[in-house]
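K.L.:
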Amino acid sequence: MGFSTTQLASASLTGQIGGMATSAIGSYFSAATQKAALKGQAAVADVNARIAELGAQSALNQGQQQVGALTLKAGQLKSSQRATMAANGIDLGVGNAAEIQASTDIMKEIDANTLTANAVRSAWGYRTQGVNFQNEALTKRATAGAISPFGSAAGSLLGSAASVAGSWYSLNKSGALKGTMFELG
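The sequence shown runs 1318 to 1502 under my numbering.
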């Protein structure tokens, strides 16, 4: 028992229509999955941007602590210098004694400025990184917003419909669809 041309033609069109539907469903879920993944990646980039800002704040706080420790140490050094000079009967307000104290103050300021500049530079790096993460999040959200699962499914259906229509036209013209649900005119 073999299959007739009409049966094979009907089966062929039915298979093509089934394939068209399966392809459309696959396109829909592929686009939906890609959209969800991009939204997830955007959320991760947002978290990374917040972490980068915390790193910047930490760098600035660490710089302030270092300046505080330096100021304390410089104050102790200056007090020690003053005590030593006073114990030796040196007038603290004039000559070498005044210059030594001024030099100590200047060195403290130079070191404090260096520590502050290093902290600001480090914070700048973290903040630049944070801006990059924010831009990444915006790009991912924009890309996700441009993805339409229904549009993907419709595009797949339309693309497949042309192929199915071509097959139907050829089979109908040859008479292979005579007496089937696919026969027209």
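Each residue gets a CB set at the ideal place from its N, CA and C atoms; glycine is no exception. Owing to the predicted nature of the structure, the values given are computational and were not obtained by experimental measurement.
1. For the alpha helix (DSSP H) containing residue 1460, name the first residue and the last one.
2. Three-state secondary structure (DSSP) at residue 1355?
3. Skipping 5 residues on each side, what residues in its chain have a beta carbon closer than 8 Å to that of residue 1458?
4. From residue 1347 to residue 1353, what distance separates their C-alpha atoms?
5. Can you check whether the CB of residue 1330 is closer than 9 Å to the CB of residue 1484?
6. Can the beta-carbon of residue 1440 be found closer than 9 Å to that of residue 1373?
7. Would you mind stating whether residue 1437 and residue 1380 have Cβ atoms separated by less than 9 Å?
8. Kindly indicate which residue of 1428, 1340, 1377 has the alpha-carbon position closest to the one of residue 1470.
9. Between 1424, 1444, 1445, 1464, which lies nearest to residue 1394 when the distance is taken from Cα to Cα?
P.N.:
Concretely, from the data shown:
1. Position 143 of the sequence shown, counted from the first residue, corresponds to residue 1460. Here the alpha helix (DSSP H) through residue 1460 covers 1412-1463.
2. Taking the first residue of the sequence shown as position 1, residue 1355 is located at position 38. It is helical.
3. In the sequence shown, residue 1458 corresponds to position 141, counting from 1. Result list for residue 1458: 1355, 1356, 1359, in chain order.
4. As a position in the sequence shown, residue 1347 is number 30, starting the count at 1. As a position in the sequence shown, residue 1353 is number 36, starting the count at 1. When rounded, the distance between both Cα atoms is 10 Å.
5. Residue mapping note: residue 1484 aligns to position 167 of the sequence shown, counting from 1. Residue mapping note: residue 1330 aligns to position 13 of the sequence shown, counting from 1. Cβ distance < 9 Å, so residue 1484 and residue 1330 count as in contact.
6. Taking the first residue of the sequence shown as position 1, residue 1440 is located at position 123. Taking the first residue of the sequence shown as position 1, residue 1373 is located at position 56. Yes.
7. Counted from its first residue, the sequence shown places residue 1437 at position 120. Counted from its first residue, the sequence shown places residue 1380 at position 63. Yes; because the gap between Cβ atoms is below 9 Å, this pair is in contact.
8. What you label residue 1470 is simply residue 153 of the sequence shown in a count that begins at 1. It is 1340.
9. Counting from one through the sequence shown, the residue named residue 1394 turns up at place 77. When only C-alpha atoms are compared, the closest one is 1424.
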